[in-house]
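Engineer:
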Amino acid sequence: GAMINAQPDHFRVIFNRPMSMTTRAQQAAIYVIYESPLQMMADNPSNYLKELECAKFIAAVPSTWDDTRVLEAALGEYLVLARRHGNEWFLGAMTNESAREFTLGLAFLEAGVYDAEMIEDGINADRYAGDYRQVTRTVSRGDSLAIRLAPGGGWAAHLKPQEGK
6 GAMINAQPDH FRVIFNRPMS MTTRAQQAAI YVIYESPLQM MADNPSNYLK
56 ELECAKFIAA VPSTWDDTRV LEAALGEYLV LARRHGNEWF LGAMTNESAR
106 EFTLGLAFLE AGVYDAEMIE DGINADRYAG DYRQVTRTVS RGDSLAIRLA
156 PGGGWAAHLK PQEGK
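Numbering (the numbering used here), first residue to last: 6 to 170.
Encoded structure:
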């Protein structure tokens with residue numbers, strides 16, 4: 006999960022300040038999409054302290070899954086994936102160098118109300134790959150989410166059921 010991000014036009018190899026050629030939101034989505042029995046934060050710890058929303062999201066992603074569903078995909082182009090651990094869902098979306106938009110239905114959720122915490126590409130992520138925003142909203146299985154991915158972008162969400170709802 007690199008916290009120093011660049012679009013292709015601004016990417017360069019700097020050995021004392023490594024960066025990734027994806028958006029910050031895609032770096033969060035990678036933790037959901039790529040399966041690994043050992044999740045780790047690979048960047049300099051001080052970079053995570055500067056980006057606590059992303060660090061907290063990444064730290065919450067489990068390393069085992071009870072269910073995995075591909076919601077949208079085209080090989081080499083994009084992927085939208087949902088994974089369940091217990092009663093919580095983690096969703097991730099990533100794209101190649103093309104910007105994309107999806108309307109994601111939530112019919113896979115069990116009945117009830119969920120708190121959704123999302124990390125998404127910011128309005129300027131196509132120029133500054135570190136631009137992201139955290140959005141929180143309440144959702145249920147009849148809802149849908151609008152996802153906008155910048156070039157090289159991503160989107161990630163953590164859905165937790167509300168107690169007693």
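Cβ atoms here follow ideal geometry from the backbone N, Cα and C, with glycine treated the same way.
Keep in mind the model is a prediction, meaning the values are calculated, not measured.
Using C-beta distances below 7 Å, list every residue in its chain close to Ala112, excluding the 5 sequence neighbours before and after it, in chain order.
Structural biologist: Arg146.
Engineer: Indicate whether Leu57 and Thr73 have their beta-carbon atoms separated by less than 8 Å.
Structural biologist: no
Engineer: Specify the secondary structure class of Ile35 as computed by DSSP and reduced to three states.
Structural biologist: Assignment of Ile35 by DSSP, reduced to helix, strand and coil, places it in the helix class.
Engineer: Taking only three categories from DSSP, how would you classify Ala121?
Structural biologist: strand
Engineer: Whole beta strand (DSSP E) runs in the region 121-169 with 3 or more residues, listed along the chain?
Structural biologist: Those beta strand (DSSP E) runs which fall completely within the region 121-169 and span 3+ residues are 137-145, 149-154 and 159-166.
Engineer: Does DSSP put Phe95 in a helix, a strand or coil?
Structural biologist: strand
Engineer: Along the chain, where does the beta strand (DSSP E) that runs through Leu86 open and close?
Structural biologist: Tyr83 to His90
Engineer: Let's test the definition: count the other Cβ atoms within 10 Å of the Cβ of Arg29 and tell me whether it reaches 16, buried, or not, exposed.
Structural biologist: Flag for Arg29 reads buried.
Engineer: Identify the continuous beta strand (DSSP E) that holds Ala104 and give its terminal residues.
Structural biologist: From DSSP, Ala104 is part of no beta strand (DSSP E); its letter is neither H nor E.
Engineer: Just to confirm, is the Cβ distance from Leu2 to Trp94 under 8 Å?
Structural biologist: Any answer about residue 2 is impossible in this case: the structure gives the chain only from 6 up to 170.
Engineer: Just list the residues that DSSP pairs Glu40 with in beta bridges.
Structural biologist: In the DSSP output, where bridge partners are listed per residue, Glu40 has none listed.
Engineer: Please report how far the alpha carbon of Ala34 lies from the alpha carbon of Gln167, in whole angstroms.
Structural biologist: 23 Å
Engineer: Mind checking whether Thr100 and Gly158 have CB atoms under 8 Å apart?
Structural biologist: yes
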